[in-house]
Every structure is written in structure tokens, then in C-alpha cells.
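I have placed the structure first, in the form of C-alpha cells, so that the comments after it can refer back to it.
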Amino acid sequence: MTIKNLLRKNIASLTPYSTARDECKAEVDIYLDANESPYPNGCNRYPDPHQKQLKRRLSQIKGLPAENIFIGNGSDEPIDLAYRMFCSPGVDNAVAIAPSYGMYKVAAAINDVELREVLLNDDFSLDAAKVLAATDKNTKLIFLCSPNNPSGNLLDRNEIIKIIEGFKGIVVLDEAYIDFAPGGSFLPELEKYPWLIVLQTLSKAWGMAGLRLGLAFASAEIVGVMGMVKYPYNINVLTQQKVLEMLEESPATEKQVAELVAERKTLHENLKKLPLIRKIYPSDANFVLVKVDDPKAVYDKLIDSGVIVRDRSKMPLCAGCLRITVGMPAENRRTVEVLAGL
Ligand SMILES: *Cc1c(COP(=O)(O)O)cnc(C)c1O
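To convert, count from 1 in the sequence shown and add 2; that's this note's numbering.
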């Protein structure tokens with residue numbers, strides 16, 4: 003099995019757009035090749051389509067060669083790209099766990115790809131055999147999410163490995179919350195599994211949701227094709243600059259993650275004491291999922307008190323469930339206080 007055989011035919015034979023800067027890489031004083039405005043204002047030039055500086059920095063941080071890193075406009079870009087690269091509309095299908103992140107389904111629908119959702123066990127643990135049983139000869143992608151959203155738990159490592167090793171296609175493992183779950187990442191395994199795409203993001207632990215920067219880690223071959231299929235200038239100048247600046251302050255992230263993990267524990271303990279909370283699920287992420295008898299009423303009353311949480315009660319296996327993001331200590335205290343008064 004090679005990547006070529008897995009790719010859609012039109013993608014395997016694609017001639018990508020060639021930007022002005024791709025055609026001549028010489029460093030000169032006068033650039034008259036891209037019809038840009040010559041008046042300097044900080045953003046009159048096109049951004050680097052290959053984000054070389056940013057990839058160098060991320061390569062240092064993640065301990066992986068730059069050729070294994072794709073940078074997208076949020077994680078949603080590589081999710082969409084995976085469908086566009088591997089799934090022929092109306093023919094191929096993908097499999098995802100449920101409940102999980104909503105974009106796997108939306109991106110599948112936009113690309114006219116059938117998404118087969120496989121329920122996790124009642125405790126949100128993963129059953130590899132069930133996922134593999136949902137695949138057939140037209141299944142090109144399997145989406146897993148660990149720690150999973152909205153349940154918060156890391157998926158069992160051995161079950162993930164069973165899926166990667168048992169499936170003849172691409173496994174997309176979404177690790178958006180991995181910074182809150184030390185030791186849980188599959189990045190160290192990337193070399194061993196050439197069909198694995200690991201997604202991470204700067205939107206959660208790194209505190210840059212507003213900048214829109216998602217990461218996909220995969221074989222150089224897959225990353226190369228992603229680079230051909232993406233919009234040429236998918237990451238704008240301001241985002242590239244600002245992210246580089248903020249990555250210099252990465253110790254701030256470590257401290258914030260440690261604080262949020264400690265706060266998660268406090269929040270869990272405080273919520274557990276409330277009779278209103280019927281169940282609280284263990285979390286490896288920066289949120290907790292709780293079960294109540296009347297989620298709509300609790301949700302509305304929280305809003306009346308100035309607190310918005312996410313009502314996930316309509317999702318599979320999530321009857322009665324609200325998802326609460328871990329905020330600042332005072333915000334978490336206030337939320338518990340409001341819930342205690344209901
Ligand atoms: C928040 C989240 C993302 C991040 O999406 P971005 O587009 O990078 O902001 C990805 N996957 C999951 C499961 C998430 O919860």
C-alpha cells in the first residue's frame with residue numbers, strides 16, 4: 003500500500019498552483035513578481051506559502067522534522083483536506099467515533115462523503131473491534147479523538163494501536179487537548195505508522211484560538227500532498243508573525259496548563275459534592291462533562307446567572323450532559339456557587 007493508491011485519482015495527478023515566490027526563490031531588493039502594492043504597511047506582501055520560519059520553530063518545539071508538519075487555518079483545515087485528498091464524493095466513506103467533535107461529520111457532509119459513526123462504550127472507552135467492523139473496502143479514513151471531546155477522556159492506547167495496525171487506510175487522531183494529558187500523544191509513534199495523521203492545535207492549551215492555527219503531523223509524503231491541495235496562502239502574515247512571537251513565550255503555556263489541570267481537579271471535587279450533579283466524568287482535557295436530570299433547565303439558569311456552558315445532552319451517550327470548560331479559579335468558583343444554589 004502506498005499513499006498514491008489511497009489518494010483520489012485527481013489528487014494523485016494534481017499540478018499544484020505555483021506562487022510567484024515559488025518560481026524564483028532569490029533574495030533581492032526589488033520584487034515586481036506578484037502584483038503587490040509597493041507601499042510598505044506591514045502586510046502589503048504575500049505571506050510565505052510554506053510558513054518556513056514557523057515550521058522551523060514548531061519543529062524545535064515538537065521535536066519533529068519540518069517536513070512532517072502541516073500548518074492549517076485551524077484544525078478544521080486538515081480535517082477538510084483529509085476528505086478532499088482521500089475520499090471520492092459519493093463513493094468512499096469514513097468512520098468516526100461518537101460522540102466526538104462535530105466537524106468530522108460536517109466536513110464529511112460538505113464533501114459528500116458518508117460518515118459512519120461508531121458508538122464508544124457507555125464509559126466513553128474505545129472498542130477497536132467495533133470501529134474496524136464498521137469499515138469496508140471504500141473506507142478511506144478513520145477519525146479518533148484523544149482526549150475526546152465532549153467526554154474528556156484519553157482513549158486507550160492499545161485500542162488505538164489495534165485500529166492503526168488493523169486498518170488499510172488513513173487514521174486521523176485528533177489530539178486538540180493533548181497538552182492537558184502528558185504522555186498521551188502518538189507523535190513519538192509517527193515514524194512507525196506512515197498512515198497516521200495526528201492533529202494538534204494552538205487553539206486550546208496554547209491560548210491562540212483567535213489566530214486560527216492548526217497542526218497536522220504525518221509522513222513527509224502526506225504533508226507534501228496536503229501542501230499541494232491547500233489554498234496557497236492559507237496562513238496570513240499577521241498570524242505567522244504573532245504566533246512566532248507568542249511561541250517565544252512558551253513557558254507561559256506550561257504554567258497555564260499546570261494551573262488549568264490543578265483547577266480541573268478542584269472543579270471536579272467541588273462539582274462532585276453537589277446533589278444536582280448526577281455524574282461527573284473523569285477528564286484528561288480542559289473541560290469536564292457532567293450529567294444532570296434536567297440539562298436544559300440547568301443550562302438556562304446558568305445563563306440567567308451570567309455563565310454559559312455547552313449543552314451536549316443531544317449527543318449520543320450524552321443524555322443529561324453539560325460540558326463545562328475550566329476557566330479562571332474565580333470563574334469556576336462562581337459556577338459551582340450558582341449550581342449549588344439551583
Ligand atoms: C477545539 C477542537 C479543535 C480545534 O479546532 P481549531 O480549528 O484548531 O480551533 C480540534 N478538534 C477538537 C476535538 C476540538 O475540540
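Every residue gets a Cβ at the ideal spot worked out from N, C-alpha and C, and that includes glycine.
Pick from the options that is closest to residue i, judged by C-alpha positions
i	options	result
His270	Ala287, Asp295, Val200	Ala287
Ala178	Thr141, Leu240, Leu189	Leu189
Leu246	Ile162, Ile32, Leu56	Leu56
Asp124	Thr137, Ala136, Asn155, Asp313	Asn155
Ser315	Gln62, Asp181, Arg325, Val309	Arg325
Met87	Arg10, Gln62, Gly44	Arg10
Leu134	Glu161, Asn238, Val309, Pro80	Glu161
Asn7	Gly76, Ser77, Thr17, Lys139	Lys139
Asp158	Asn151, Ile166, Leu128	Leu128
Arg59	Lys244, Asn151, Leu344	Lys244
Thr203	Asp24, Glu193, Leu249, Leu273	Leu249
Gly76	Ser61, Asn238, Ala299	Asn238
Leu213	Ala220, Ser39, Thr327, Asn236	Asn236
Lys274	Ala218, Asp313, Val338, Pro234	Val338
Ile180	Ser285, Pro297, Asp35, Lys232	Ser285
Ala84	Leu201, Arg47, Lys303, Tyr33	Leu201
Thr141	Ile63, Gly92, Asn151, Ile112	Gly92
Phe169	Ile224, Ser307, Ala130	Ala130
For residue i, three-class secondary structure by DSSP
i	result
Asn238	coil
Arg10	coil
Gly229	helix
Arg118	strand
Arg325	strand
Ile402	Given a span of 3 to 344 for the chain in the structure shown, any question on residue 402 remains unanswerable.
Val309	coil
Ile99	strand
Lys139	coil
Gly212	helix
Leu341	helix
Leu146	strand
Ala299	helix
Leu16	coil
Ala220	coil
Lys281	strand
Asp24	helix
Phe88	helix
Met248	helix
Delimiting residues of the beta strand (DSSP E) encompassing residue i
i	result
Val30	Premise fails: Val30 is in no beta strand (DSSP E) and is neither H nor E.
Thr203	198-203
Val290	289-293
Start-to-end residues for the alpha helix (DSSP H) that takes in residue i
i	result
Leu319	Premise fails: Leu319 is in no alpha helix (DSSP H) and is neither H nor E.
Ile166	159-168
Ala183	Here Ala183 belongs to no alpha helix (DSSP H), and DSSP marks it neither H nor E.
Ala207	Segment: none, Ala207 is in no alpha helix (DSSP H) and carries neither H nor E.
Lys107	105-112
Any non-hydrogen atom of ligand 2 within 7 Å of residue i CB
i	result
Ser205	No copy of ligand 2 appears in this structure; the ligands present are ligand 1.
Problem set entry | Segments of 4+ residues assigned as alpha helix (DSSP H) that fall wholly inside the segment 52-83 | Segments of the alpha helix (DSSP H) lying fully in the segment 52-83: 54-64.
For this session: Say whether the segment 321-337 touches the segment 259-267, bearing in mind that this needs 3 or more beta-carbon pairs closer than 8 Å, one atom from each stretch.
Result: They touch, by the three-pair rule.
For this session: Kindly confirm or deny that the segment 70-77 and the segment 139-155 touch, where touching means at least three C-beta pairs closer than 8 Å.
Result: Counting Cβ pairs under 8 Å, fewer than three are found: no touch.
Problem set entry | Cβ contact (3+ pairs, closer than 8 Å) linking the segment 110-119 and the segment 172-188 | Taking one beta carbon from each stretch, the segment 110-119 and the segment 172-188 have fewer than 3 pairs nearer than 8 Å; the two do not touch.
Exercise. Is it true that the segment 315-329 meets the segment 273-293, where meeting means three or more beta-carbon pairs spaced less than 8 Å apart?
Worked result: Segments in contact, yes.
Exercise. Given 8 Å as the limit, is there contact between the segment 193-209 and the segment 251-259, that is, 3 or more CB pairs closer than that?
Worked result: Verdict: yes, contact present.
Exercise. Quick one: any contact between the segment 272-284 and the segment 167-174, if contact means 3 or more CB pairs under 8 Å?
Worked result: Using a Cβ-Cβ distance cut-off of 8 Å, the segment 272-284 and the segment 167-174 are not in contact, since fewer than three pairs of beta carbons, one from each stretch, lie closer than that value.
Exercise. Per the contact definition of three or more C-beta pairs closer than 8 Å, is the segment 225-242 in contact with the segment 103-115?
Worked result: No, because fewer than three Cβ pairs between the segment 103-115 and the segment 225-242 fall closer than 8 Å, the two stretches do not touch.
For this session: Run through the segment 250-280 for me and flag every whole alpha helix (DSSP H) of 4 or more residues, listed as ranges in chain order.
Result: Those alpha helix (DSSP H) runs which fall completely within the segment 250-280 and span 4+ residues are 252-274.
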